[in-house]
């Protein structure tokens, strides 16, 4: 009641965390004979309910259960009771369910599968952080406030009636003295209730302010240039928050690198680089940049902490004219597509992208493209003669890498064929002691990336695949409705 009468409504913008502006997780899961496309739609507030969607394309499933649990720590050893997912009445291969995320941190949704192929277990890592406070809806707040007022007045009336008539024998009339006594008791009751409401409001404001302090804020990053040497400094991770480790020394390598840095020139998005600076001191990444067209670059740097907590650092860099760059490293990549058109409101790159060496990358574009929908985006690499590219190689241990970037910079997601979750977190959640490396698996000229655009608007997509010693970067534009 007190919270309904005195509600502090704080609306904060969504912050960057694992990816930027893209909080949901899309993951391809293989557990024995079972193949699952898992979508976890994370809440904006913690505690909150994460909605889980699963589509099965492998062996038949009879029962699918989900359990939320921290990836590391003592709580990971004592999971709650699993919840059984519901089967769609119109699609027996589609399941839905929900799990409570009770605290901030690096969590996993464990999937317990029973079916034709026996029992199997797999986990999808998720990032549980509060990114906003929610305002109570007016249609709910007004009735609750009126109900609270009614209860206060009613309680004061009960107190007054008790002092006025509680000891009055049956059948006797209320005397003026008793009426006065009841009135005084009613006024005192109202004053006492007002004091309780005031105290409750003060408590609520303190709680709301405390919660607002826990809203996720990414660490600050600053980029500077000395000649062609990039110096990317990250503030100390000492934040008092248990979900973030205390120093950059605790970072986990992701595909062999502590940071994956995308540099995309603004506003046209007509130059893009996938780079890998080295950690030279706590919170300090450096590298010799390749030759880059001058201008302002948006920098997005993905890192993963030792507890599986991923973050994306965001800053900008000014590249001056005439900067003499170093050769592009073998594991780095670049692309120089046509600039965005029509005032950044619509893309002009289609379903086929011609690469500098005569190869072509093709996108099997779904129609229509809608926001908040899970897709498996498929891309092909074709040789100059139009045949599927041969001598395909893993790029950074994967069949491909993708970056989905909204043209206004509000969304950035670096994803892989397995999904949008950070690979070190996937390894921790599934108890793997080695890298999730595809180098031992055959790599084909076709690659798929599970993802869903978080909001409507124009996006530019960067796809990287490797054949021989050449890393190709295809670029595509998309508009999500």
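In mature numbering (1 follows the signal peptide of the UniProt record, and there is no 0), the protein residues as written are -18 to -1, 1 to 463.
A virtual CB, placed ideally from N, CA and C, is assigned to each residue, including glycine.
| Item | Value |
| --- | --- |
| Whose C-alpha, out of 314, 155 and 216, is nearest the C-alpha of residue 273? | 314 |
| Look at the alpha carbon of residue 326 and the alpha carbon of residue 51, and state the distance between them as a whole number of angstroms. | Residue placement at residue 326 is flagged as unreliable, the pLDDT there being 42, under the threshold of 50; the coordinate-derived value follows with that caveat. Approximately 41 Å, taken between the alpha carbons. |
| Taking DSSP's pairing of strands, which residues face residue 242 in a bridge? | 284 |
| Looking only at its own chain, which residues have a Cβ that is under 6 Å from the Cβ of residue 397, when we skip the five neighbours before and after it? | 384, 431 and 433 |
| Excluding the five sequence neighbours on either side, which residues of its own chain have a C-beta within less than 7 Å of the C-beta of residue -12, listed in chain order? | Confidence at residue -12 is low in this model, with a pLDDT of 35, below 50, so the placement of that residue is unreliable and no value is reported for it. |
| Ignore the nearest five residues each way along the sequence and tell me which others in residue 450's own chain have a CB closer than 8 Å to its CB. | 373 and 375 |
| Given residue 336, which residues of its chain have a CB within under 7 Å of its CB, disregarding the five upstream and five downstream residues? | 342 |
| Are at least three pairs of beta-carbons, each pair with one atom in the stretch 346 to 359 and one in the stretch 278 to 295, less than 8 Å apart? | no |
| Three or more C-beta pairs under 8 Å: does that hold for the stretch 50 to 67 against the stretch 9 to 20? | no |
| Can you say whether residue 132 is buried or exposed, counting buried as having 16 or more other CB atoms within 10 angstroms of its CB? | exposed |
| Leaving aside the five residues before and after residue 76 along the sequence, list all residues of the same chain whose C-beta is less than 7 Å from its C-beta, in chain order. | 37 and 70 |
| Go ahead and pull the three-state DSSP assignment for residue 401. | strand |
| Are there three or more Cβ pairs, one per stretch, closer than 8 Å when the stretch 405 to 415 is compared with the stretch 297 to 313? | no |
| Does residue 1 pass the burial test, meaning 16 or more other C-beta atoms within 10 Å, or should it be called exposed? | buried |
| Just grab the DSSP bridge partners of residue 431 for me. | 359 |
| Considering only residues of the same chain and omitting the five flanking positions on each side of residue 456, which have a CB-CB separation below 6 Å? | 335, 343 and 445 |
| According to the neighbour-count rule (16 or more other Cβ atoms, all chains shown, within 10 Å of its Cβ), is residue 460 buried or exposed? | buried |
| Cβ of residue 243 within 9 Å of Cβ of residue 257? | yes |
| Quick check: what's the CA-CA separation for residue 234 versus residue 184? | 43 Å |
| Buried or exposed: which applies to residue 104, given that a residue is buried once 16 or more other Cβ atoms fall within 10 Å of its Cβ? | buried |
| Mapping the DSSP letters down to three states, classify residue 187 as helix, strand or coil. | helix |
| Return yes when the Cβ of residue 107 is within less than 9 Å of the Cβ of residue 85, no when it is not. | no |
| Comparing C-alpha positions only, which one of 345, 59 and 210 sits nearest to residue 458? | 345 |
| Quick one: using the 10 Å Cβ neighbour count with 16 as the cut-off for buried, is residue 216 buried or exposed? | buried |
| Can you name the start and end residues of the beta strand (DSSP E) that residue 17 belongs to? | 16 to 23 |
| Which residue spans inside the stretch 81 to 141 form an unbroken beta strand (DSSP E) run of at least 3? | 87 to 97 and 100 to 110 |
| Below 8 Å on the Cβ atoms is my guess for residue 199 versus residue 322; work out the distance and round it to an integer in Å. | Between residue 322 and residue 199 the Cβ distance is about 29 Å, and since that is not below 8 Å, they are no contact. |
| Output needed for residue 288: all residues of its chain with C-beta closer than 8 Å, excluding positions within five of it in sequence on either side, in chain order. | 227, 232, 233 and 234 |
| Within 10 Å of its beta-carbon, does residue 246 have 16 or more other beta-carbons around it, so buried, or fewer, so exposed? | buried |
| Among 249, 448 and 203, which residue has its Cα nearest to the Cα of residue 316? | 448 |
| Would you mind stating whether residue 102 and residue 113 have Cβ atoms separated by less than 9 Å? | no |
| Are there 16 or more other CB atoms within 10 angstroms of the CB of residue 303, so buried, or fewer, so exposed? | exposed |
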